[in-house]
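If you count the sequence shown from 1, position 50 lands on 132 in my numbering, and the numbers rise without skipping.
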Amino acid sequence: MTECIFCQIVEGSAPCHRVQEDELTLAFMDIFPLAPGHVLVIPKEHAENLFEIEEVSLLAVTRMTQRVAHALRAELEPDGIMMMQLNGAAAGQTVFHHHAHLIPRDEGSALAFHPRVRGGDAELTSLAHRIGKSLG
Ligand code: AMP
Ligand code: ZN
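See below:
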């Protein structure tokens, strides 16, 4: 079995709070959310980061990221949404399977990286459902 946790999620051998998927991408809730509604969008095909990902997968991730951003804005009405994507350990990357973060932001809320507080399953499931429903 692959050691990559995000490949395990794609294969279904590890759980996730799925938001949406298509042929090339999967969107799911980050289990250590920086804010409520923190979603990750990944390519289904393994690629370490921006330097490795095939163009067709990158374009699909970008398309899905925009769709999820629209759904997040419609459903959660944050003041803004931060999109973040880290490349290499020195840049703070901790999971070496390409992913785009979508992080709802509100005026005045503090910005933190890699919080240690795990999100509650019920809240993550509910948010995944709301955002997924908004995507149609
Ligand atoms: P990065 O630092 O950009 O590599 O981000 C990795 C992100 O993946 C972090 O925000 C983690 O909270 C998140 N993460 C790690 N494992 C899982 C998992 N099994 N399910 C959902 N999110 C995860
Ligand atoms: Zn992988």
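All C-beta atoms, glycine included, are put in the ideal place defined by N, C-alpha and C. Owing to the predicted nature of the structure, the values given are computational and were not obtained by experimental measurement.
Got a sec: does the ligand AMP put a non-hydrogen atom nearer than 8 Å to the Cβ of residue i?
i      : result
MET111 : yes
MET166 : yes
VAL177 : yes
ILE163 : no
HIS211 : no
Among the options, which has the Cα closest to the Cα of residue i?
i      : options                           : result
ALA182 : GLY94, SER139, GLN90 and THR84    : SER139
SER208 : GLU105, SER95 and GLY119          : GLY119
THR147 : VAL199, ILE91, VAL101 and GLY201  : VAL101
GLY190 : GLU205, ALA172 and GLY162         : GLY162
PRO115 : ASP203, GLY218, HIS211 and ARG212 : ASP203
ALA210 : THR84, ALA129, ILE135 and GLU157  : GLU157
Can we count residue i as close to the ligand ZN, meaning its CB is less than 8 Å from some heavy atom?
i      : result
CYS98  : no
PHE133 : no
VAL92  : yes
THR84  : yes
HIS152 : no
What would DSSP say about residue i, mapped onto helix, strand or coil?
i      : result
ILE185 : strand
ALA192 : coil
GLY50  : Nothing about residue 50 can be read from this structure; the chain reaches only from 83 to 218.
LEU116 : coil
LEU132 : coil
THR176 : coil
LYS171 : Per the sequence shown, residue 171 should be read as Ala rather than Lys. Three-state DSSP puts ALA171 in a helix.
The beta strand (DSSP E) that contains residue i, what's its start and end?
i      : result
GLU103 : 100-103
THR107 : 107-111
VAL123 : 121-125
GLY162 : 162-166
Considering residue i, what are the terminal residues of the alpha helix (DSSP H) in which it resides?
i      : result
LEU141 : 137-158
PHE219 : Nothing about residue 219 can be read from this structure; the chain reaches only from 83 to 218.
Cβ of residue i within 9 Å of Cβ of residue j?
i      : j      : result
THR107 : LYS126 : yes
ARG200 : ILE113 : yes
PHE110 : LEU122 : yes
ALA117 : SER216 : no
HIS99  : LEU206 : yes
GLY174 : ASN131 : no
Quick one: is residue i near chain E, going by C-beta distance under 9 Å?
i     : result
GLN90 : Of the protein chains in the structure, only one exists, and it is not chain E.
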